[in-house]
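Written out below as structure tokens is the structure these notes cover.
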Amino acid sequence: MHILNQYGALPYVITPDGLLVCLITSRETRRWVIPKGWPKPKHESHEMAAREALEEAGLIGVVGREPIGSYLYSKRLHMFARVTCRVTVFPLLVETQKVTWREKDERRLSWVAPDKAAKRVAEADLAQLIQSLPDWLDGPAKAVSNSC
Numbered sequence: 213m214h215i216l217n218q219y220g221a222l223p224y225v226i227t228p229d230g231l232l233v234c235l236i237t238s239r240e241t242r243r244w245v246i247p248k249g250w251p252k253p254k255h256e257s258h259e260m261a262a263r264e265a266l267e268e269a270g271l272i273g274v275v276g277r278e279p280i281g282s283y284l285y286s287k288r289l290h291m292f293a294r295v296t297c298r299v300t301v302f303p304l305l306v307e308t309q310k311v312t313w314r315e316k317d318e319r320r321l322s323w324v325a326p327d328k329a330a331k332r333v334a335e336a337d338l339a340q341l342i343q344s345l346p347d348w349l350d351g352p353a354k355a356v357s358n359s360c
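Each number in the numbering used here corresponds to the 1-based position in the sequence shown with 212 added.
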């Protein structure tokens with residue numbers, strides 16, 4: 213089986229009431245997902261994850277240089293073709309959400325607690341990554357600003 217690579221961001225904020233993560237809907241199936249996309253030459257993987265969060269959800273923040281994990285999913289390319297993708301996931305501490313962004317009219321966005329977010333996503337491995345975010349944040353994390 214041939215697996216294609218993608219990079220994703222797991223956007224989060226820390227509020228007085230606790231940790232919240234951001235999920236968005238996919239454009240075609242309307243499933244709850246995280247921002248993700250294809251690699252591009254001359255861009256680091258964590259930079260691509262941050263760029264996808266900006267394009268798909270209008271989010272700007274500090275992206276971790278190290279991934280928190282990865283998950284597999286089946287992507288529909290068109291009516292008769294699917295591919296398996298491995299999404300390497302980078303945490304993104306959100307500092308700002310733009311009022312308008314590239315895909316605003318194409319997706320819904322929701323900020324929810326990790327346990328609720330984990331129940332919304334279809335991929336079990338993604339759900340596990342979301343639930344493990346609090347533990348990952350308690351460990352040492354290297355981050356850089358996203359200035360996309």
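A virtual CB, placed ideally from N, CA and C, is assigned to each residue, including glycine.
Valine 301 places its beta carbon less than 8 Å from that of leucine 341.
When Gly220, Leu216, Val233 are compared, the shortest CA-CA separation from valine 324 is found for Val233.
Distances from the CA of glycine 249 to each of Glu264, Gly270, Glu259, Arg319 were compared; the closest alpha carbon is that of Glu264.
For proline 228, no beta strand (DSSP E) encloses it, and the DSSP letter there is neither H nor E. In the three-state reduction of the DSSP assignment, serine 322 falls in the strand class, which pools E and B.
C-alpha of glycine 220 to C-alpha of methionine 260: approximately 8 Å in a straight line. Straight-line spacing of the CA atoms in proline 303 and serine 344 works out to 11 Å. Secondary structure at serine 286: strand, using DSSP grouped into helix, strand and coil.
Of the residues Ser286, Gly273, Ile236, the one whose Cα lies closest to the Cα of histidine 214 is Ser286. Distance between aspartate 347 and isoleucine 280, taken at the CA atoms: about 10 Å. Selection Glu268, Val311, Ala293 evaluated against valine 245 yields Glu268 as nearest (Cα-Cα). Nearest to glycine 270 by C-alpha distance, out of Asn217, Lys310, Arg320, Pro228, is Lys310.
Distance check between leucine 216 and each of Ser282, Glu307, Ala329 places Ser282 closest, using alpha-carbon atoms only.
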